[in-house]
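Asker: Protein chains in written order, with this note's numbering: chain A, 3 to 244; chain B, 9 to 1168.
Note that CB positions come from ideal geometry on N, CA and C, so glycine has one too.
First the structure, which I've put down as structure tokens, then a few questions once you've had a look.
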Amino acid sequence: MYYGLSNFYQNHRRYVKSRDDSQLNGDNSSLLNPSKECEPYRINEDKPIAPCGAIANSMFNDTLELYRIDNDTRIPITLIKKGIAWWTDKNVKFRNPTGDGNNLTALFQGTTKPVNWPKPVYMLDSEPDNNGFINEDFIVWMRTAALPTFRKLYRLIERKNNLQPTLQAGKYSLDIAYNYPVHSFDGRKRMILSTISWMGGKNPFLGIAYITVGSICFFLGVVLLIIHHKYGNRNTSADIPN
Amino acid sequence: MGCAVILFPVLPILFIFLFFLQNNSIKTSKYNFFTFLPLNLFEQFQRIANAYFLFLLILQLIPQISSLAWFTTVVPLVLVLAVSGVKDAIDDFNRHKSDKHVNNRPVQVLINGMLKDEKWMNVQVGDIIKLENNNFVTADLLLLSSSEPHSLTYIETAELDGETNLKVKQALTVTAELGEDLQKLTEFNGEVKCEAPNNKLDKFTGTLTLRGEKYALDNEKMLLRGCTIRNTEWCFGLVIYAGPDTKLMQNSGKTTFKRTSIDRLMNVLVLVIFAFLALMCLILAIGNGIWEYDKGYYFQVYLPWAEGVNSASYSGFLMFWSYVIILNTVVPISLYVSVEIIRLGNSFYIDWDRKMYYPLNDTPAQARTTTLNEELGQIKYIFSDKTGTLTQNIMCFNKCSINGKSYGDVYDMSGQRIEINEKVDFSYNQLADPKFAFYDHSLVEAVKLSDVPTHRFFRLLSLCHTVMPEEKKEGNLVYQAQSPDEGALVTAARNFGFVFRARTPETITIVEMGETKIYKLLAILDFNNVRKRMSVIVRSPEGDLTLYCKGADTILYELLHSSCDTLKEETTEHLNEFAGEGLRTLVVAYKNLDEDYFQEWIRRHHEASTALEGREDKLSELYEEIEKDLMLLGATAIEDKLQDGVPQTIETLAKANIKIWVLTGDKQETAMNIGYSCNLLNDDMEDVFIIEGSTSDDVLNELRKKMKPDSFLDSDEINIQFEKSSKKPKIIPDEQANGVYGLVITGHSLAYALEGNLELELVRTACLCKVVICCRVTPLQKAQVVELVKKYKKAVTLAIGDGANDVSMIKTAHIGVGISGQEGMQAVLSSDFSFAQFRYLQRLLLVHGRWSYIRMCKFLKYFFYKNFAFTLVHFWYGFFSGFSAQTVYDEWFITLYNLVYTSLPVLGMSLFDQDVDDRWSMLFPQLYVPGQQNLYFNKTVFVKCMLQGIYSSLILFFIPYGAMYNTMRSDGKAIADYQSFALMAQTCLLIVVSVQIGLDTSYWTVVNQFFIWGSLSVYFAITFTMYSDGMYLIFTASFPFIGTARNTLSQPNVWLAIFLSITLCVLPVVGFRFLKAQLKPTPSDKIPSWQYEKAKKRPPPPSPKRRLRRTSTRRSGYAFSHQHGFGALIMSGRNMRPKSPFATTGTFSPNSDKHKHKGL
């Protein structure tokens, strides 16, 4: 299950660089003194913002819930929220600050939440291994998209067994807690459900392109062969200079 | 101020009030240890590219603009500066070394009455120094005294003006008296006033004030730095100019900086690229303005405008500069450095080429200028010197005709001429010159049989000349001849047993077949240009009076006695044969004189020679009177030996569509003769025009009439075109002549032809001719002719020469080539390339030049292509990233792309590539033609590269775009993120440009393979390293791309996209090239089929060196010398040594006794 945004310029230069990788990597000095790149989301009310920068500040915070309607009863579909980020991101790139104990609240002491966030970073999730900077929703958001129209992995719906389809045919309802405004810049939000194959998501581009290029190659080959036969032996011996 | 007065109070009073005191050290180096860094940096930043990068660096320091990290510019810039800096440092270090070598040469200086060894650099103006035989002259000296009588000093000026014959300098009588008396020299106290230092080699004016008396000084008393003392045991000189003031140094140093046409084109292209860059930035900046107004303004919820930015247009303005930084890679900083490296590499090939190494005098070819290589592949006009370049300046007695019998050719039994056989054995003659070679044994037989005419013939050759003998060791005779022809004749006589051994003003000592005979020399009727002959009158030991005469056939035939008419016919036949082989001929005759008549004649001769008025006329009348009714003896034929392989080289170069002009100081006959013998001129030509008019109108008429008379009418389009635009320099288009013509023009006609309005006519006429020979031209005219062609023809010129008289032309031409290994070094020193033999020119041009040109063109094409493909992707990405100057690639990739990932493969290609190997390049000279026409790299080609680059960049952006759009990894995780996209795009790009270089490379070596595969592996290695966990944990801020490589490159669709973009980028190129090779093949495309054909036919064995035979009756006169002979000097005894140590004669003339006392 993905959420998609369009007309959202996550690849804008100022946006892309507006983060502090040291802070996100758990560096304590950067936590309290974020990089200048984070401006203007560096310091709020004299306290350093954690996580700082425009990317973090604009984190997508709608919540999506999927239900199958079976005889008027809403059966919630299990959505797995872990395992949606790259392993390297989760384990190497993003780390919570270190210090005495595991109490994130204490570790983030002296920082403040990003301006747009309703709650601080240490309250993103209840599970300790998915909280703070290593919250996977956060990590996914921080991996900025290359294009202004993009989709990001939101939740996984696991296939239970091979005999049953993952989502059987039927009525479904989607509950959206609408927190994230996109109207102001003419943005669009989407929710996508996609099955993945060995090639990744569904994208017909490569297939079409290969077929086209293959045909062109074939056609060119034939044309060149004809030309070669017609003109190719013209220059073998006629004009050998002495 | 005209003439600076420099006073020199000379030793021993060390009270010197000099205007300025110059010591003799010279300095050609530019930097010293401390000034190197600032000066070198200053020079480097004068280059537009370096300055541009400095400017970029400053831009990057502005935070609002900076779109790239600082290291993307600093790293390349520092690297480039370092490479050039090291190169400059090494060059300068070598200059320091050679300066030091010259400055530390030892010389004897007179200090406080003692001769002390000093270094050259410590010699000062006003010092008296002693030079010995074969010493180099230390500074410009005033000759004070020497070991020779009359304080004559012989010097060789080869390094100064290229003339190898000896020149005589003579000191003032007052100073000559000083001799080698150190005491007197120490007490010598005089004052010299002279002109300010200048570069006129043949002029000096000054005065010497000695004990209150003034003496005029002129060039005859000066020994100039660069000369060598010869035949003079010692001499003393007073230093007048030292170090940088010397005429030699004043003449050198002003080397003009030469640039190649590709250099100039490159500069234009860089400006075009700048304009293109500005345009792109402008488009993007406007785009940004619109975007910020339309979208960014509303997007401020999530991304507020940067500090200080309050309007979309201001943001656009900032973005303009940001894009300047990002797109700067279209003007690649490494371009200039790479070009230098390629040229340097190609120069090394020339230095290392064994086929251009001349083992006889151990001279390798040398690329003295390393920045002109590719121009060697574009030569259209060659200006060649004759003497020493085409010819060896060695005269060889080759054939002769004695009393109607021709000697020199060897025939076998059936009467066929045999080409190679053993030399004649001269061992019967103790005094023979071992270097002399002759092949006809019958002549030796004739000599041994005491054939009277043969003996008389050689006796004449040994008597009738003005050669000076020198016998340092018994039996080891060295002849000092004024012209090499004379030397050759006397040497021939010597070997056949008529050894000219010694001479005094009144006698000539000959060893005739082992028997010493002393002839009384009664008169020398000297050579001059009108008489074209010389005679001597001698009395033999038996008392017979005889006049011996040698001279040009045309002149001498008129003076013969009627009794030798039959002999005359036979000799004429032989003469024609000799001339047909390109030999220089000379007729010899004698006459027995009546005693009474001679006494009367010599009385009149004495009267005439002391006459005050009309002396010349009276003398020549007398000469003519006695030189008549001569008896013909025979004729000699001297071969002006061509350098090896000259005719073949010229033929090959002509096939390569190169026009050869010979510019020589020699006479017209000699020049034309050489023209024929080296195949420049031949009888297949429609006509050979000779222009020798002596007024401007004559020359004009000759020029007009002779070539295409109608082309000079007013209706001629080129004339009209020139009428219209008379101001700016014009380029004359190539015209096609209706036949093969040759043009010969003499120096004084050339002087008129080079004047204003005739220039054009000259160029047009001359360029219509296949061959142009200019004779009797001065060094300045040589340069003017080259300048003329440079001015009116859009062609690359090359000048080749060996002497100092060629220096001006070598410096003027686009490329100057010096023949090295000879004695004079002046030409080599001012040349760009040097080698020992003219024939190496074809290898230099057809192989090295062509390769360099092709390599440079391929390099430039590829270099511009790869940078366009690289940079323009940013441009397309701009449309999808809000024109925010976001880069597509990782910053590290941008930094390393030009320096590491793509530099070596392209260098490898441009150092090793060759379309056909050297053998085939030489076999098919027409492969050279595309270079002359500048076909491989010009503006059209550049535009093509640009279009190809734009196409590739489109592919490189949109294929990853399409492949990534809304897609996922196979485990559902992100792949369409910015970092993955960057990695994918840069991997595509790198593989595509690597494949492209593979397509461009036509000659694969291990190094090419290694570089290409190596670069790709290095790319992946570096990428994986930089994107690894370790690097991230150490330098968190610098390597944010952690894990991207691992997570992305494991995906099949990424590789499918990469493969697709390679196919799409390569497909049109391959298709286009295939079509071109099929439909419009270039010569080098045809080579494989030619090779195939040749292999089928089996290449014919190299045609044996044919003797060039002509049926024509052109004949060259005898080349004595342009000046008057030495006759007068000999007769007066002025240049006689007091005593020849091994003289076989015991009688000394009173004259020489007198000299003996004087000399000691």
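Quick check on DSSP: helix, strand or coil for Ala148/A?
Answerer: Your numbering for residue 148/A matches position 146 in the first sequence. Reduced to three states, the DSSP call for Ala148/A is coil.
Asker: Quick one, are the C-beta atoms of His449/B and Val432/B less than 7 Å apart?
Answerer: As a working mapping, residue 449/B is identified with position 441 in the second sequence. As a working mapping, residue 432/B is identified with position 424 in the second sequence. Going by C-beta atoms, His449/B is nearer than 7 Å to Val432/B.
Asker: Restricting to runs no shorter than 3 residues, where is the beta strand (DSSP E) found entirely within the stretch 429 to 475 of chain B?
Answerer: List check, beta strand (DSSP E) in window: nothing returned.
Asker: Between the Cα of Val182/B and those of Ala147/B, Ala224/B and Asn207/B, spot the shortest distance and give me the residue it belongs to.
Answerer: In the second sequence, counting from the first residue as 1, residue 182/B sits at position 174. Among Ala147/B, Ala224/B and Asn207/B, the Cα nearest to that of Val182/B belongs to Ala224/B.
Asker: Which two residues bound the contiguous beta strand (DSSP E) that contains Leu174/B?
Answerer: On the second sequence, residue 174/B is found 166 positions in, with the first residue counted as 1. Taken as a continuous stretch (DSSP letters only), the beta strand (DSSP E) holding Leu174/B covers Leu174 to Gln178.
Asker: Does the distance from the CB of Asn111/B to the CB of Ser159/B come in under 7 Å?
Answerer: The residue given as residue 111/B occupies position 103 in the second sequence. The residue given as residue 159/B occupies position 151 in the second sequence. Not a contact, by the Cβ cut-off of 7 Å.
Asker: According to a CB-to-CB cut-off of less than 8 Å, which residues of the stretch 77 to 101 of chain B neighbour chain A?
Answerer: Answer set for the stretch 77 to 101 of chain B: empty.
Asker: Excluding the 5 residues flanking Lys626/B on each side, which residues of the same chain have their C-beta closer than 7 Å to its C-beta?
Answerer: Sequence index remark: in the second sequence, residue 626/B carries index 618 (1-based). Result list for Lys626/B: Ala616 and Ala619, in chain order.
Asker: Mind the definition here: the stretch 1058 to 1072 of chain B touches the stretch 198 to 212 of chain A only if three or more C-beta pairs lie below 8 Å; say whether that holds.
Answerer: They touch, by the three-pair rule.
Asker: Indicate whether Asp96/B and Arg145/A have their beta-carbon atoms separated by less than 7 Å.
Answerer: Taking the first residue of the second sequence as position 1, residue 96/B is located at position 88. Taking the first residue of the first sequence as position 1, residue 145/A is located at position 143. No; because the gap between Cβ atoms is not below 7 Å, this pair is not in contact.
Asker: Is Arg977/B close to chain A? Criterion is C-beta to C-beta, closer than 7 Å.
Answerer: Walking along the second sequence from the start, residue 977/B turns up at place 969. Closer than 7 Å to some Cβ of chain A, the Cβ of Arg977/B qualifies, so yes.
Asker: Assign Met817/B to one of two classes, buried (16 or more other C-beta atoms within 10 Å of its C-beta) or exposed (fewer than that).
Answerer: Indexing the second sequence from 1 puts residue 817/B at position 809. It is buried - the Cβ of Met817/B has at least 16 other Cβ atoms within 10 Å.
Asker: Just mark Ile350/B as buried or exposed, buried being the case when its beta carbon has 16 or more other beta carbons within 10 Å.
Answerer: To locate residue 350/B, count along the second sequence from 1; it is residue 342. Ile350/B is buried by the Cβ-count criterion.
Asker: Cβ closer than 8 Å: which chain B residues qualify as neighbours of Thr90/A?
Answerer: Along the first sequence, read from residue 1 onward, the residue named residue 90/A stands at position 88. In chain order: Asp1037, Ile1050, Gly1051, Arg1054 and Asn1055.
Asker: Between Ala147/B and Ala250/B, how many whole angstroms is the CB-CB distance? I'm expecting something under 8 Å.
Answerer: For this step, residue 147/B is matched to residue 139 along the second sequence. For this step, residue 250/B is matched to residue 242 along the second sequence. With 8 Å as the limit, Ala147/B and Ala250/B qualify as a contact, their Cβ atoms being about 4 Å apart.
Asker: Would the beta-carbon of Val200/B fall within 7 Å of that of Gly214/B?
Answerer: On the second sequence, residue 200/B is found 192 positions in, with the first residue counted as 1. On the second sequence, residue 214/B is found 206 positions in, with the first residue counted as 1. Going by C-beta atoms, Val200/B is nearer than 7 Å to Gly214/B.
Asker: Report back the beta-carbon spacing between Leu650/B and Leu398/B to the nearest angstrom; my notes put them in contact at under 8 Å.
Answerer: Stepping through the second sequence from its first residue, residue 650/B is reached at position 642. Stepping through the second sequence from its first residue, residue 398/B is reached at position 390. Correct: roughly 6 Å between the Cβ atoms.
Asker: Run down chain B in chain order and give the residues with a C-beta less than 8 Å from the C-beta of Leu208/A.
Answerer: Locating residue 208/A in the first sequence gives position 206, where the first residue counts as 1. Here the neighbours are Gly970, Ala971, Asn1061, Leu1064, Ala1065 and Leu1068.
Asker: I'd like the span of the alpha helix (DSSP H) that includes Thr579/B, first residue to last.
Answerer: Numbered from its first residue, the second sequence carries residue 579/B at position 571. Here the alpha helix (DSSP H) through Thr579/B covers Asp573 to Gly588.
Asker: Among Gln308/B, Ser704/B, Pro968/B and Ile902/B, which residue has its Cα nearest to the Cα of Arg16/A?
Answerer: Looking up residue 16/A in the first sequence gives position 14. Per the Cα distances, Gln308/B.
Asker: Does the stretch 91 to 109 of chain A come close enough to the stretch 70 to 80 of chain A that 3 or more CB-CB pairs lie under 8 Å?
Answerer: In short, these stretches do not touch, since the Cβ pair count stays below three.
Asker: Check this for me: beta carbons of Glu647/B and Asn401/B, under 7 Å apart or not?
Answerer: Translated into the one-based positions of the second sequence, residue 647/B becomes position 639. Translated into the one-based positions of the second sequence, residue 401/B becomes position 393. No; because the gap between Cβ atoms is not below 7 Å, this pair is not in contact.
Asker: Using the Cα positions of Leu711/B and Ile753/B, report the straight-line distance between them to the nearest angstrom.
Answerer: Taking the first residue of the second sequence as 1, we reach residue 711/B at position 703. Taking the first residue of the second sequence as 1, we reach residue 753/B at position 745. Those two C-alpha atoms are separated by around 10 Å.
Asker: In this structure, what does DSSP give as the bridge partners for Pro114/B?
Answerer: The residue you call residue 114/B lines up with position 106 of the second sequence. Its beta-bridge partners are Lys127/B.
Asker: So, is Lys1175/B buried or exposed, given that buried needs 16 or more other C-beta atoms within 10 angstroms?
Answerer: Outside the displayed range of chain B (9 to 1168) lies residue 1175/B, so it cannot be described from this structure.
Asker: Do Leu854/B and Tyr936/B have their C-beta atoms closer together than 7 Å?
Answerer: The sequence position of residue 854/B within the second sequence is 846, counting from 1. The sequence position of residue 936/B within the second sequence is 928, counting from 1. Contact flag set, yes.
Asker: Would the stretch 798 to 808 of chain B and the stretch 387 to 394 of chain B be scored as touching if the rule is three or more Cβ pairs under 8 Å?
Answerer: These segments touch.
Asker: By the 7 Å beta-carbon criterion, what residues does the stretch 872 to 900 of chain B contribute toward chain A?
Answerer: So the close ones are Phe888, Ser889, Gly890, Ser892, Ala893 and Gln894.
Asker: So, is the C-beta of Gln1086/B closer than 7 Å to a C-beta in chain A?
Answerer: The sequence position of residue 1086/B within the second sequence is 1078, counting from 1. Answer yes: the Cβ-Cβ gap between Gln1086/B and chain A drops below 7 Å somewhere.
Asker: Phe101/B to Thr165/B, Cα distance in whole Å?
Answerer: Here residue 101/B refers to the residue found at position 93 of the second sequence. Here residue 165/B refers to the residue found at position 157 of the second sequence. Looking at the two C-alpha atoms, the distance is approximately 29 Å.
Asker: Hey, how far is the Cα of Thr337/B from the Cα of Cys219/A?
Answerer: As a first step, residue 337/B is located in the second sequence; it is residue number 329 there, counting from the start. As a first step, residue 219/A is located in the first sequence; it is residue number 217 there, counting from the start. Whole-angstrom Cα-Cα distance: 33 Å.
Asker: Can you name the start and end residues of the beta strand (DSSP E) that Arg70/A belongs to?
Answerer: Residue mapping note: residue 70/A aligns to position 68 of the first sequence, counting from 1. Run containing Arg70/A: Thr65 to Asp72, per the beta strand (DSSP E) assignment.
Asker: Express the C-alpha separation of Ser548/B and His109/B in angstroms, rounding to a whole number.
Answerer: As a working note, residue 109/B is residue 101 in the second sequence. As a working note, residue 548/B is residue 540 in the second sequence. His109/B and Ser548/B: Cα-Cα distance of roughly 55 Å.
Asker: Looking only at C-alpha atoms, which of Phe843/B, Ser1025/B, Lys981/B and Ile1050/B sits nearest to Met364/B?
Answerer: Mapped onto the second sequence, residue 364/B falls at position 356. When each option's Cα is compared against that of Met364/B, the closest is Phe843/B.
Asker: Pairs of beta-carbons, one from the stretch 280 to 294 of chain B and one from the stretch 153 to 171 of chain A, closer than 8 Å: are there three or more?
Answerer: Too few Cβ pairs lie closer than 8 Å, so no.
Asker: Which full runs of the alpha helix (DSSP H) of 4+ residues lie inside the stretch 585 to 631 of chain B, going along the chain?
Answerer: Runs of the alpha helix (DSSP H) inside the stretch 585 to 631 of chain B: 603 to 618.
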